[in-house]
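Data block below; observations after.
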Amino acid sequence: MDKNAKLPENETGAVLFNVEPIILKYHYEIDYLHSYAQDSPFFAGLAHGKLLGSRCTGCGHVYATPRGHCMECGAATAWAELPTEGRVHTYTTCYYGGEAFLEETPFTLILVEFERVDTLFLSRLVGVEPDEVTIGMPVRAKFRRNSTFRPTDVYFVPL
Amino acid sequence: MRPVYMIGGGITKFAKAHPEKDFRLMVKEAFDYALADLPRLGRAEIDGSVCSYFSDHFTRQLKAGAMVQDYLGLCPKPSRRIEGGGATGGLCFQAAWEAVASGRMEVCLAMGFETMSRVNTWKGNEFIALASDTNFDYPVGGFYTGYYAMMVRRHMHEFGTTVEQLAKVAVKNHRNALHNPYAQSPAALTVADVRSAPLVATPLTIRDCCQMSDGAAVAILAAEGAAERLCDRPVRIAGIGCGTDAMRMADRPHGPVLLLPHETVADYAGLRYPGVHSFRGGRSAAKLAYEMAGIADPGKELDFVELHDAYTSSEIQTYEDLGLCRYGEGGGYVDAGAPFLANLDYGLDFSAPGRWRRLPVNPSGGLLACGHPVGATGLMQAVFAFWQLQGTIGKHLGDATLQLAEPRRGLIHSHAGTGTYITVSILESV
Ligand SMILES: [Zn+2]
């Protein structure tokens with residue numbers, strides 16, 4: 001036994017914001033191993049300049065945003081290349097955002113509708129001023145040259 | 001299933017930040033308030049609880065519900081956590097209903113909280129946005145207000161809804177809240193004030209959006225015998241319903257409108273439904289709740305509504321989902337003054353009076369003015385509806401302005417995501 005035992009001292013301390021009550025800064029950070037799993041071919045497609053949606057092998061429903069199985073009938077879907085031209089179904093320009101997106105503001109979001117496709121696709125619209133966007137406006141997909149394997153590897157510009 | 005009653009409720013003052021209290025103490029305050037209002041109910045007679053909070057990120061504490069359970073002195077009784085995004089509180093209320101209706105419990109406590117001030121607003125927005133698809137939606141938009149802004153833009157395109165009509169919802173709810181001391185941001189606003197506020201995501205300004213909050217609320221539910229014994233004026237839960245929709249709003253398919261009893265197919269000829277302008281899950285929740293409560297025409301048979309107005313736009317969309325007016329008429333419903341309280345001066349001129357019966361919506365001030373501590377919100381609505389139906393608004397708010405004259409039936413509505421989980425519950429005076 002050692003009656004003079006001591007915890008080691010250090011100078012880490014705390015970032016204190018307030019007392020009564022005590023409020024201190026607590027940092028929290030984590031790396032995830034996020035798998036796109038069955039959605040992976042979509043992201044690989046973007047790297048090849050292709051926009052892949054899903055076509056149901058059962059009922060033929062066509063999804064602009066891909067999904068492995070059909071919401072209507074439950075059958076597996078097959079990958080299907082979407083047109084690179086579509087129209088603005090709806091839009092907004094965000095002047096604020098989540099913390100990770102603040103540096104990108106203002107950015108314009110659109111839902112794109114494609115001919116003969118049953119659902120929509122969320123994307124960014126670039127090359128227009130906020131007051132130039134209209135519903136029904138024709139737009140064209142463009143792809144980042146250097147893939148980041150994120151859905152923002154595809155974006156749209158006015159046609 | 002057997003009849004279920006609400007017998008007590010309590011809420012804390014909702015505020016931007018309550019750093020002096022953690023979530024346990026906030027729930028304790030709301031719980032003690034409810035118990036003080038029910039002198040014949042001892043803790044021993046509470047059979048268990050359901051705890052409601054949305055995001056573990058906000059508390060940096062997993063299993064926070066277990067900590068509330070022990071802080072309230074309810075161990076070793078049964079408890080569990082309910083989570084369902086913005087609808088967490090509404091789902092918690094219905095889970096407590098299920099516990100009592102099934103006979104599992106005689107008295108069940110629904111308790112909820114959120115402490116959103118522990119991170120900055122932008123981080124909070126990010127946490128909330130993580131409740132969108134993290135493969136396809138979050139990395140592109142990362143911001144719920146943006147999603148709602150796109151939905152209302154399409155609503156405006158389809159139906160001619162205007163930004164002034166949206167603004168009138170903000171005027172209404174903030175003005176109502178001037179008489180609610182629990183509210184976070186009561187204000188006397190004009191349409192011009194709302195429109196000249198900073199744009200968040202076009203066309204929504206910061207006044208079109210609810211604020212993040214710290215706060216807690218509880219509702220105590222009981223079976224008939226316990227309700228009669230413990231409470232002088234219990235309120236019956238006459239109907240509950242829940243609906244869902246695809247997580248990604250881009251995926252919403254088109255199909256026939258789920259018709260309510262007072263509607264016909266011809267009412268919606270040519271309407272592409274639900275599109276991104278309507279919440280099919282809200283319609284589904286309402287339909288189930290109306291069927292259970294025996295409501296044939298909600299616009300005529302309800303006396304007030306406390307609905308999930310996270311945005312002015314979603315309030316207008318929700319009038320239509322609930323069948324208070326037809327799809328497409330939500331803007332006109334506001335212009336006509338239907339959802340406004342009759343006894344307050346909003347500084348607005350209403351058109352077409354009498355087109356719809358007056359049916360106050362969010363007399364409490366709603367989320368826009370009360371704030372939105374997510375896990376507490378749906379229970380906050382239950383508490384305001386309970387006090388309305390008891391006729392005790394004056395006693396609890398210290399101001400009877402918001403008390404309706406002999407309301408018989410009220411609706412509460414809780415909403416998650418872009419309409420992924422939605423609950424509707426009908427409360428009735430007895
Ligand atoms: Zn199918």
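As given, the protein sequences belong to chains S and H, one line each in that order.
If you count by UniProt numbering, then the first sequence holds residues 1 to 159, one letter each, in order.
If you count by UniProt numbering, then the second sequence holds residues 1 to 430, one letter each, in order.
Just so you know, even glycine gets a beta-carbon here, dropped at the ideal spot from N, CA and C.
Check: Does the beta carbon of N4 (chain S) come closer than 9 angstroms to any beta carbon on chain H?
Finding: As a working mapping, residue 4 (chain S) is identified with position 4 in the first sequence. Judged by the 9 angstroms Cβ criterion, N4 (chain S) is not in contact with chain H.
Check: Since residue 446 (chain H) meets chain S, which of its residues come closer than 9 angstroms, beta carbon to beta carbon?
Finding: With chain H covering 1 to 430 only, the question about residue 446 (chain H) has no answer from this structure.
Notebook entry, point to check: Helix, strand or coil for T134 (chain S) per DSSP?
Noted result: Taking the first sequence and counting its residues from 1, the one referred to as residue 134 (chain S) is at position 134. Per DSSP, reduced to three states, the secondary structure at T134 (chain S) is coil, with no helix or strand assignment.
Note to self: Using DSSP's beta-bridge definition, name the partner residues of Y155 (chain S).
What the structure shows: Translated into the one-based positions of the first sequence, residue 155 (chain S) becomes position 155. Per DSSP, S:K142.
Next item on the list: Give a yes or no on whether the C-beta atoms belonging to G90 (chain H) and Q317 (chain H) are separated by under 9 angstroms.
Entry: Taking the first residue of the second sequence as position 1, residue 90 (chain H) is located at position 90. Taking the first residue of the second sequence as position 1, residue 317 (chain H) is located at position 317. In this structure, G90 (chain H) sits away from Q317 (chain H), with a CB-CB distance that is not shorter than 9 angstroms.
Notebook entry, point to check: Since E99 (chain S) meets chain H, which of its residues come closer than 8 angstroms, beta carbon to beta carbon?
Noted result: Here residue 99 (chain S) is taken as the residue at index 99 of the first sequence, counted from 1. What E99 (chain S) touches in chain H: N120, W122, K123, N125, E126.
Next item on the list: Please work out which residues of its chain come closer than 7 angstroms, Cβ to Cβ, to K300 (chain H), disregarding the five sequence neighbours upstream and downstream, and give them in chain order.
Entry: Residue numbering aside, residue 300 (chain H) sits at position 300 when the second sequence is read from its first letter. Closer than 7 angstroms at Cβ, skipping near neighbours: R357.
Check: Rounded to the nearest angstrom, how far is the Cβ of G8 (chain H) from that of R43 (chain H), given a contact under 8 angstroms?
Finding: One-based indexing of the second sequence puts residue 8 (chain H) at position 8. One-based indexing of the second sequence puts residue 43 (chain H) at position 43. Contact between G8 (chain H) and R43 (chain H) does not hold, since their C-beta atoms are separated by about 12 angstroms, which reaches or exceeds 8 angstroms.
Next item on the list: Use the C-beta contact count for N176 (chain H): other C-beta atoms within 10 angstroms, 16 or more gives buried, fewer gives exposed.
Entry: Counting from one through the second sequence, the residue named residue 176 (chain H) turns up at place 176. A residue is called buried once 16 or more other Cβ atoms fall within 10 Å of its Cβ, and N176 (chain H) is buried on that count.
Note to self: Tell me which residues of the UniProt domain "ChsH2 rubredoxin-like zinc ribbon" (43 to 76) of chain S have at least one Cβ-Cβ distance to chain H shorter than 9 angstroms, keeping chain order.
What the structure shows: Hits within the stretch, in order: F43, H61, Y63, A64, T65, P66, R67, M71, E72.
Next item on the list: Would you please verify whether the beta carbon of N362 (chain H) is less than 9 angstroms from any beta carbon of chain S?
Entry: Position 362 of the second sequence holds residue 362 (chain H). False, the Cβ-Cβ gap to chain S never drops below 9 angstroms.
Checklist line | Buried versus exposed, by CB contacts within 10 Å (16 or more), V19 (chain S) | finding: Walking along the first sequence from the start, residue 19 (chain S) turns up at place 19. V19 (chain S) counts as exposed, since fewer than 16 other beta carbons sit within 10 angstroms of its beta carbon.
Margin query: Do V112 (chain S) and V157 (chain S) have their beta-carbon atoms positioned less than 9 angstroms apart in this structure?
Written below: Residue mapping note: residue 157 (chain S) aligns to position 157 of the first sequence, counting from 1. Residue mapping note: residue 112 (chain S) aligns to position 112 of the first sequence, counting from 1. Contact: no.
Next item on the list: Under 9 angstroms between beta-carbons, which chain H residues line up against D31 (chain S)? List them in chain order, please.
Entry: The sequence position of residue 31 (chain S) within the first sequence is 31, counting from 1. By Cβ distance, chain H contributes nothing, its closest Cβ being about 15 angstroms from D31 (chain S), past 9 angstroms.
Margin query: Taking the alpha helix (DSSP H) that T93 (chain S) belongs to, which residues open and close that run?
Written below: Counting from one through the first sequence, the residue named residue 93 (chain S) turns up at place 93. The continuous stretches of alpha helix (DSSP H) do not include T93 (chain S), which lies in the beta strand (DSSP E) extending over residues 85 to 94.
Next item on the list: Please write down, chain order preserved, every residue whose beta carbon lies under 6 angstroms from a heavy atom of ligand 1.
Entry: Selection output, chain order preserved: S:C56, S:G58, S:C59, S:H61, S:C70, S:E72, S:C73, S:A75.
Margin query: Measuring straight from C-alpha to C-alpha, what distance separates L41 (chain H) and L230 (chain H)?
Written below: Walking along the second sequence from the start, residue 41 (chain H) turns up at place 41. Walking along the second sequence from the start, residue 230 (chain H) turns up at place 230. Distance between the alpha carbons of L41 (chain H) and L230 (chain H) is about 6 angstroms.
Notebook entry, point to check: How would you label H27 (chain S), buried or exposed, when you count the other beta carbons within 10 angstroms and need 16 or more for buried?
Noted result: The residue given as residue 27 (chain S) occupies position 27 in the first sequence. An exposed status is given to H27 (chain S), since fewer than 16 other beta-carbon atoms sit within 10 Å of its beta-carbon.
Checklist line | Exposed unless 16 or more other CB atoms sit within 10 angstroms - verdict on Q390 (chain H) | finding: Along the second sequence, one-based indexing puts residue 390 (chain H) at 390. Q390 (chain H) should be labelled buried.
Margin query: Within a Cβ cutoff of 6 angstroms, which residues of the same chain sit near R195 (chain H), ignoring the five residues on either side of it in sequence?
Written below: Walking along the second sequence from the start, residue 195 (chain H) turns up at place 195. The beta carbon of R195 (chain H) lies closer than 6 angstroms to those of A167 in the same chain, with the five residues before and after it left out.
Check: Buried or exposed: where does L109 (chain S) fall if 16 or more other Cβ atoms within 10 Å of its Cβ makes it buried?
Finding: The residue you call residue 109 (chain S) lines up with position 109 of the first sequence. Buried, by the Cβ-count rule.
Check: Which bits of chain S does F136 (chain H) rub up against, with CB to CB less than 7 angstroms?
Finding: Within the second sequence, residue 136 (chain H) is the residue found at index 136, counting from 1. What F136 (chain H) touches in chain S, judged by beta-carbon distance under 7 angstroms, is T65, L122, P151, going in chain order.
Check: Which same chain residues, not among the five before or five after A293 (chain H), have their C-beta less than 6 angstroms away from its C-beta?
Finding: Residue mapping note: residue 293 (chain H) aligns to position 293 of the second sequence, counting from 1. If we look at A293 (chain H) and ignore the five residues flanking it on each side, its Cβ neighbours are A238, G239, I426.
Next item on the list: Please decide whether V430 (chain H) counts as near chain S, where near means a Cβ-Cβ distance under 9 angstroms.
Entry: On the second sequence, position 430 is the one that residue 430 (chain H) refers to. Nearest CB-CB separation between V430 (chain H) and chain S: not below the 9 angstroms threshold.
Margin query: Check for me: the alpha helix (DSSP H) holding residue 432 (chain H) runs from which residue to which?
Written below: Nothing about residue 432 (chain H) can be reported from this structure: the residues present for chain H run from 1 to 430 only.
Next item on the list: Name, going along the chain, the residues of the segment 199 to 224 of chain H whose beta-carbon falls closer than 9 angstroms to a beta-carbon of chain S.
Entry: Taking 9 angstroms as the Cβ-Cβ cut-off against chain S, the residues of the segment 199 to 224 of chain H that qualify are L199, V200, A201, T202, P203, L204, I206.
Check: Smallest Cα separation from L322 (chain H): which of H:D232, H:S284, H:H372, H:F14?
Finding: Here residue 322 (chain H) is taken as the residue at index 322 of the second sequence, counted from 1. Cα-wise, what sits closest to L322 (chain H) is H:S284.
Checklist line | Where N135 (chain H) sits in the DSSP three-state scheme | finding: Reading the second sequence from its first residue, position 135 is the one you call residue 135 (chain H). In the structure shown, N135 (chain H) sits in coil (DSSP, three-state: anything other than H, G, I, E or B).
Next item on the list: Give a yes or no on whether the C-beta atoms belonging to Y268 (chain H) and G255 (chain H) are separated by under 9 angstroms.
Entry: Indexing the second sequence from 1 puts residue 268 (chain H) at position 268. Indexing the second sequence from 1 puts residue 255 (chain H) at position 255. For Y268 (chain H) and G255 (chain H), no; Cβs fall outside 9 angstroms.
Notebook entry, point to check: From what residue to what residue does the beta strand (DSSP E) around E81 (chain S) run?
Noted result: Translated into positions along the first sequence, residue 81 (chain S) becomes position 81. It spans 77 to 81 - the beta strand (DSSP E) in which E81 (chain S) sits, taken as one unbroken run.
Next item on the list: Can you tell me which of the three DSSP states residue 161 (chain S) falls into?
Entry: In this structure chain S extends from 1 to 159, so residue 161 (chain S) is not present and cannot be described.
Checklist line | Pairwise C-alpha distance: G84 (chain H) and L120 (chain S) | finding: On the first sequence, residue 120 (chain S) is found 120 positions in, with the first residue counted as 1. On the second sequence, residue 84 (chain H) is found 84 positions in, with the first residue counted as 1. Each residue's Cα considered, the two are about 25 angstroms apart.
Margin query: What would DSSP say about L288 (chain H), mapped onto helix, strand or coil?
Written below: In the second sequence, counting from the first residue as 1, residue 288 (chain H) sits at position 288. The answer is helix: DSSP assigns L288 (chain H) an H, G or I state.
Margin query: So that I know if they touch, is there some Cβ in chain H lying closer than 9 angstroms to that of L16 (chain S)?
Written below: Counting from one through the first sequence, the residue named residue 16 (chain S) turns up at place 16. No, no contact with chain H.
Next item on the list: Check the Cβ of A289 (chain H) against every Cβ in chain S and list those closer than 8 angstroms, keeping chain order.
Entry: Residue 289 (chain H) sits at position 289 when you count from the first residue of the second sequence. Chain S residues near A289 (chain H): none, gap ~25 angstroms exceeds 8 angstroms.
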